[in-house]
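Q:
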Ligand code: SF4
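Written out as structure tokens, the structure reads:
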């Protein structure tokens, strides 16, 4: 029934309308929204609407001690928290002139690659779910859980470990951990052909994802795309190789690329990176027992630690792309300014807005998941 | 912290009410029990990924911890959902959407607050952008504390809710109608006094016969004051291709 004072307005008929996509929508990753303008099923324009997850991290960090912020930073990107801790620690180490023991560096590399594996399994599982292939998502989440078990054993936390501190890592690797890790890697490697058959070589996926959300290399560079999304346009750029941090220069791995620049290529790059991460982890497992020594260098009393004044900019390769921290200290016990350069802020805003134009409505979710953007990191 | 609601013995009131109405037909009591039992065993859950706690839900829902064996399934529309899961900190912008979603859900409805952030603000106690205490804005049935709670904890929280439903203790949705003025007051403090939602809670409270002296008050009076007259839906449309039409 219509309200009493309802008066129909006459509008000229049209095929254009606006649709709110998210924040509470199964096709969207996390708490994020889109306003899309449609003509039939075709997207005419898209506008990202973030801010649902804004917590004001950069401001919060100015009010807490250097060491307290370690507990805060992993929350910036929930599916891939370890690079956040490591990158922030690297920035403080650079400011404070700390020398991280070699063993700690290897342990950090191990964690980073474990986190990358977990994040990639989650990412293409999510992508599969948007195209209706829930089995892949179930498998991906289940296999990711096995990695989380190892995280729990190593650090005590399933998702947020808070294990890296400036100067090293908190705890020694438990006995027998490396053997269990190695059998986990064997298992994951044996699963890869299954994933290929189920998902990556599945015609449903290939036909849906090919040429969807495609970008050229020039566009990618102009829009600030990094990580697997950039490598899917054919450019082999990886911070791990081109600006090595920790001990990545001693490791042997490849940078997989794909030429297409579309959703299919982006997923195939992630698929190849799984293999490379397993390869890196194998090397770490082999080398770690022979590297002896402390796991962290002595730091001043963390509750009254005045980090020397200065600025530092450190970057690492997270599973989503290039992650960087710009930290300024004025010699106090708290940071003066922390800026996070997250990869998702580019991917989920300008790249997604551009790629969505001209695609069909049902592909918007696919494009978002194939970019593997992480909404909490966009909003921060 | 002052929470006015703590002084109101809502549970006793309800129990008195229920026992006063005790049905004479024994079959009716059996039937009531059966309804409650069934209700607690088939719950559709709308999870609104408000914060980081949402990352532990996929493991809890999929093969490893498998929530579906408890009869709990995700649901995409609020109209058909029974449980609203708030998975983590709520920023003020999100809180508006949560309230709209909650009011759209059909009764009986239950709210679960996952994560310490919904209990007292958690890590973000000093953040300018988050709402700290969830139960100031919505009645919460079960809290699952932890930063972040493990899937086991999530499942044990859900089991607790099931127990509460089958024993008739999970009545928070009634509280929303009975103390609407209190909740609305808190919402207005945050969003400004011209805050309006499209759902007419007061009419619904009348419909369910849940009006108390706390339903209406100074805050609900503001609702009427700021209410804009109903307008016809304004849709901006443009025609490009006249032939097509
Ligand atoms: S309690 Fe912890 S895990 Fe949960 S939303 Fe808050 S910060 Fe995130």
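Residue numbers (our numbering), protein chains in the order written: chain A, 437 to 816; chain B, 507 to 751. Glycine is no exception: its CB is placed at the ideal position from the N, C-alpha and C atoms.
Please determine whether the Cβ atom of residue 748 of chain A lies at a distance below 8 Å from any heavy atom of the ligand SF4.
A: Flag unset: Cβ of residue 748 of chain A not near the ligand SF4.
Q: Would you list the residues sitting across from residue 737 of chain A in a DSSP beta bridge?
A: Residue 737 of chain A is not bridged to any residue.
Q: Could you name the residues whose beta carbon sits closer than 6 Å to any heavy atom belonging to the ligand SF4, keeping them in chain order?
A: Taking each Cβ in turn, the ones that pass are A:511, B:557, B:558, B:559, B:594, B:595, B:621, B:622, B:623, B:628, B:629, B:653 and B:654.
Q: Going along the region 619-649 of chain B in order, which residues come within less than 9 Å of chain A, judged by CB to CB distance?
A: Going along the region 619-649 of chain B in chain order, one finds 629, 630, 632, 633, 634, 635 and 636 with a Cβ nearer than 9 Å to chain A.
Q: Just to confirm the assignment, what range does the beta strand (DSSP E) spanning residue 748 of chain A have?
A: First-last of the beta strand (DSSP E) with residue 748 of chain A: 746-753.
Q: Using a Cβ-Cβ cut-off of 7 Å (strictly less than) and excluding sequence neighbours within five positions of residue 568 of chain A, which residues of its own chain qualify?
A: Counting only Cβ-Cβ distances below 7 Å, and skipping sequence neighbours, we find nothing.
Q: Mind reading off the beta-carbon distance from residue 615 of chain A to residue 750 of chain A? Whole number of angstroms is fine, and I expect it under 8 Å.
A: That belief does not hold up - the Cβ atoms of residue 615 of chain A and residue 750 of chain A are roughly 33 Å apart, past 8 Å.
Q: Going by Cα to Cα distance, which pick from A:527, A:651, A:593 and A:672 is closest to residue 602 of chain A?
A: The shortest Cα separation from residue 602 of chain A among A:527, A:651, A:593 and A:672 belongs to A:527.
Q: Return the Cβ separation of residue 500 of chain B and residue 581 of chain B in integer angstroms, given the expectation that the two are a contact with Cβ distance under 8 Å.
A: Here chain B comprises residues numbered 507 to 751, so residue 500 of chain B is not present and cannot be evaluated.
Q: Determine the closest residue to residue 669 of chain B out of B:718, B:686 and B:647, with distance taken between C-alpha atoms.
A: Residue B:647 is the option with its Cα nearest to residue 669 of chain B.
Q: Tell me, which residues are paired with residue 555 of chain A by DSSP?
A: Beta-bridge pairing links residue 555 of chain A to no other residue.
Q: Could you name the residues of the same chain whose beta carbon sits closer than 6 Å to that of residue 693 of chain A, not counting the 5 residues immediately before and after it, in chain order?
A: Here the set comprises 667, 670 and 672.
Q: Whether or not the region 603-619 of chain B and the region 493-506 of chain A are in contact is what I'm after, with contact meaning three or more pairs of Cβ atoms, one per stretch, closer than 8 Å; do they touch?
A: These segments do not touch.
Q: For the region 646-713 of chain B, list the alpha helix (DSSP H) runs that are entirely contained and at least 4 residues long, ordered along the chain.
A: For the region 646-713 of chain B, whole alpha helix (DSSP H) runs of length 4 or above, ordered along the chain, are 657-672, 678-684 and 686-697.
Q: Exposed or buried, which one is residue 595 of chain A when buried takes at least 16 other CB atoms within 10 Å?
A: Buried, by the Cβ-count rule.
Q: Would you mind working out which of B:533, B:564, B:591 and B:605 sits nearest residue 578 of chain A, comparing C-alpha positions?
A: It is B:564 whose Cα lies nearest to the Cα of residue 578 of chain A.
Q: Less than 8 Å between the CB atoms is what I'm expecting for residue 472 of chain A and residue 792 of chain A, so what's the real figure, rounded?
A: With 8 Å as the limit, residue 472 of chain A and residue 792 of chain A qualify as a contact, their Cβ atoms being about 7 Å apart.
Q: Comparing alpha-carbon positions, which option in A:574, A:600, A:586 and A:466 lies nearest residue 503 of chain A?
A: That would be A:600, whose Cα lies nearest to the Cα of residue 503 of chain A.
Q: Touch check for the region 623-638 of chain A and the region 672-683 of chain A: three-plus C-beta pairs under 8 Å?
A: Counting Cβ pairs under 8 Å, fewer than three are found: no touch.
Q: Look at the alpha carbon of residue 755 of chain A and the alpha carbon of residue 555 of chain A, and state the distance between them as a whole number of angstroms.
A: Answer to the nearest angstrom: the Cα atoms are 7 Å apart.
Q: Apart from the five residues on each side of it in sequence, which residues of its chain come closer than 6 Å, Cβ to Cβ, to residue 637 of chain B?
A: Around residue 637 of chain B: 596, 598 and 601.
Q: Starting from the C-beta of residue 731 of chain B, find all residues in its chain whose C-beta is less than 7 Å away, skip the five residues before and the five after it, and write them out in chain order.
A: Hits under 7 Å: none found.
Q: What separation, rounded to the nearest whole angstrom, lies between the Cα atoms of residue 640 of chain A and residue 511 of chain A?
A: For residue 640 of chain A and residue 511 of chain A, the distance between alpha carbons rounds to 35 Å.
Q: Look up residue 598 of chain B in the DSSP assignment and say whether it is helix, strand or coil.
A: In this structure, residue 598 of chain B counts as helix in the three-state DSSP scheme.
Q: So which residues of chain A does residue 659 of chain B contact, with C-beta pairs closer than 7 Å?
A: Result: empty, since nearest Cβ-Cβ is about 11 Å, beyond 7 Å.
Q: Under 9 Å between the Cβ atoms of residue 566 of chain A and residue 805 of chain A?
A: The answer is yes: Cβ separation under 9 Å.
Q: Mapping the DSSP letters down to three states, classify residue 579 of chain B as helix, strand or coil.
A: Correct three-state label for residue 579 of chain B: strand.
Q: When you compare the CB of residue 507 of chain A with every CB in chain B, is at least one pair closer than 9 Å?
A: For residue 507 of chain A, the answer is yes, since a Cβ of chain B falls inside 9 Å of its Cβ.
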